[in-house]
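>
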Amino acid sequence: MGFSKKEAPNCDWCPYRKNCFYDLLDDKSSKKEWRDMRIANRFKAGETIFYEGENPSGIYVVCTGKVKVVKASRTGQQLLLRFESPGDLVGHISSLAEWPYAGSAETQDESVVSMIPIDSFKEFLTHHPRSALRLLREVARDARRGEAKARDIAFKPARGRLAGTLMRTLTEASIKKNQAVISGLKRKDIAEMAGLTIETTVRLLKDFETRGLVARKGKDIQVLDVEKLKSLSGHFS
Numbered sequence: 042m043g044f045s046k047k048e049a050p051n052c053d054w055c056p057y058r059k060n061c062f063y064d065l066l067d068d069k070s071s072k073k074e075w076r077d078m079r080i081a082n083r084f085k086a087g088e089t090i091f092y093e094g095e096n097p098s099g100i101y102v103v104c105t106g107k108v109k110v111v112k113a114s115r116t117g118q119q120l121l122l123r124f125e126s127p128g129d130l131v132g133h134i135s136s137l138a139e140w141p142y143a144g145s146a147e148t149q150d151e152s153v154v155s156m157i158p159i160d161s162f163k164e165f166l167t168h169h170p171r172s173a174l175r176l177l178r179e180v181a182r183d184a185r186r187g188e189a190k191a192r193d194i195a196f197k198p199a200r201g202r203l204a205g206t207l208m209r210t211l212t213e214a215s216i217k218k219n220q221a222v223i224s225g226l227k228r229k230d231i232a233e234m235a236g237l238t239i240e241t242t243v244r245l246l247k248d249f250e251t252r253g254l255v256a257r258k259g260k261d262i263q264v265l266d267v268e269k270l271k272s273l274s275g276h277f278s
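Per the working numbering, residue 42 is the first one in the sequence shown, and the count goes up by one each step.
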């Protein structure tokens, strides 16, 4: 099954609305037009939403589940760039730049993903210039996160980079609810996101456990002391 209106969730009822670009839209007219533009698809875990090198067909919004963006080397090895959670935009930078997608987007869990076709999206921004300003803010934040990651890899010690990576996988909501659990991430994924080897990542996670910062919870990682882990990470973006 492809993208269709039938699968598109109701934005006004969405539990992740506060994390979504939709919530930044400033009037009923722009919100209605955004809802009407969307088509959506339901993906199983491990399915590909779009491939690296493809010309953009639209921008995507993660409605439920989790999506990972990966980049492949010439030898076929994959590098995990980031995870996107409900409410996050995917593919918007390539669409705005009119460049091929810089990475492939794959579902980590069973997910519902909405899409706004590129022509409809450009027309929407023309009709609602204030929405374009809000989108620029999101793009600027993405650029800032990329700069922060590059800085961390260049200057931070391994322990701080791992702590920062663990912090970035947590949501504010999970921290406030005292449910700071990192799930669905393999040690290899964490290592790639932190720019570390798997051996170093495993050793440091063991050290974090010994110090009472995290604990294993099956295949998940439970953060026991958010403040200490945040402090260890240094400047947290």
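Don't be surprised by glycine CBs; every beta carbon is placed ideally from N, CA and C.
#1: Judging by CA-CA distance, which residue of 83, 106 and 66 is the nearest neighbour of residue 224?
#2: Which residue wins for smallest C-alpha separation from residue 150, given the options 44, 226 and 272?
#3: Does the contact criterion of 3 or more C-beta pairs under 8 Å hold for the region 112 to 124 versus the region 78 to 85?
#4: For the region 245 to 254 and the region 167 to 180, state whether three or more C-beta atom pairs, one from each stretch, are separated by less than 8 Å.
#5: Return the residue from the list 108, 73, 76 and 78 that minimises the CA-CA distance to residue 90.
#6: Going by beta-carbon coordinates alone, are residue 50 and residue 153 separated by less than 8 Å?
#7: In whole angstroms, what is the alpha-carbon distance linking residue 127 and residue 255?
#8: Suppose you measure from the CA of residue 144 to the CA of residue 44; what does that come to, to the nearest Å?
#9: Out of 155, 258, 95 and 120, which one is the CA nearest neighbour of residue 47?
#10: Tell me whether residue 70 is buried or exposed, calling it buried when 16 or more other Cβ atoms sit within 10 Å of its Cβ.
#11: Give me whichever residues DSSP pairs with residue 261 in a beta bridge.
#12: According to DSSP, simplified to helix, strand and coil, what is residue 46?
#13: Which word fits residue 209, buried or exposed, when buried means at least 16 other C-beta atoms lie within 10 angstroms of its C-beta?
#14: Can you list, in chain order, the residues of its chain with a C-beta nearer than 7 Å to that of residue 277? Leave out the 5 residues immediately preceding and following it.
#15: Measuring only the C-alpha atoms, how far is residue 238 from residue 232?
#16: Classify residue 258: buried if its beta carbon has 16 or more other beta carbons within 10 angstroms, exposed otherwise.
#17: Taking buried to mean at least 16 other C-beta atoms within 10 Å of its own C-beta, is residue 73 buried or exposed?
#18: State the Cα-Cα distance for the pair residue 99 and residue 253, rounded to the nearest angstrom.
#19: Going by DSSP in three states, residue 57 sits in which element: helix, strand or coil?
#20: From residue 75 to residue 167, what does the alpha carbon distance come to, in whole angstroms?
#21: Which residue wins for smallest C-alpha separation from residue 273, given the options 200, 241, 169 and 136?
#22: Can you tell which of 260, 267, 119 and 104 has the C-alpha that lies nearest to the C-alpha of residue 234?
#23: Here's the rule: buried if 16 or more other CB atoms are within 10 angstroms of the residue's CB, otherwise exposed. What is residue 62?
#24: Excluding the 5 residues preceding and the 5 following residue 229 in the sequence, name in chain order all residues of the same chain whose CB lies nearer than 7 Å to its CB.
#25: What did DSSP end up calling residue 191 once you bin it into helix, strand or coil?
Let me lay it out:
#1: 106
#2: 226
#3: no
#4: no
#5: 108
#6: yes
#7: 25 Å
#8: 20 Å
#9: 155
#10: exposed
#11: 258
#12: coil
#13: buried
#14: With a pLDDT of 44 at residue 277, under the threshold of 50, the modelled position of that residue is not reliable, and no figure is offered here.
#15: 6 Å
#16: exposed
#17: exposed
#18: 45 Å
#19: coil
#20: 13 Å
#21: 200
#22: 119
#23: buried
#24: 239
#25: helix
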